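Report on the structure given below.
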Amino acid sequence: MVTVVVVINILISLILLYMAWRVRQLKKRLTRIANILVAAERSSHAVLSGAPEAIYMSQQNIHDLRQKDQPSRLQIQRLRQIFSLLAHGQQVWRRYFLRSQLTLVKKRK
């Protein structure tokens, strides 16, 4: 009976020893993963630390360019309106001129 208890205790001890070894392996793996993540965070922080300043400067430059470009946009818009009016006037003139020529040709016959 004592040998059965001793054998069971040895088996329990071996199982617990195996579990402790697996937990230790898991702990090492998690430590490595945590170190990798910390290094990645430091690297990304170093790279992105100047990003807000760069974004602000870019926004300011874009605003300045839009302010400089606004008079040109107005001139282009006016030119488009003028050309549109000229094209419309040409269409109206063609219609009127063609009608008047057709009526003259019909009257001559």
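0 is the number of the first residue of the sequence shown in numbering that gives the first Met the number 0; add one for each residue after it. Each residue gets a CB set at the ideal place from its N, CA and C atoms; glycine is no exception. Predicted, not measured: the structure shown is a model, and the values here were computed from it.
DSSP state of residue i mapped onto helix, strand, coil
i          : result
residue 0  : coil
residue 48 : coil
Neighbourhood of residue i by C-beta, 6 Å cutoff - its chain only, sequence neighbours within 5 removed
i          : result
residue 5  : none
residue 49 : none
Neighbourhood of residue i by C-beta distance below 8 Å, restricted to the same chain and skipping five residues each side
i          : result
residue 78 : none
residue 13 : none
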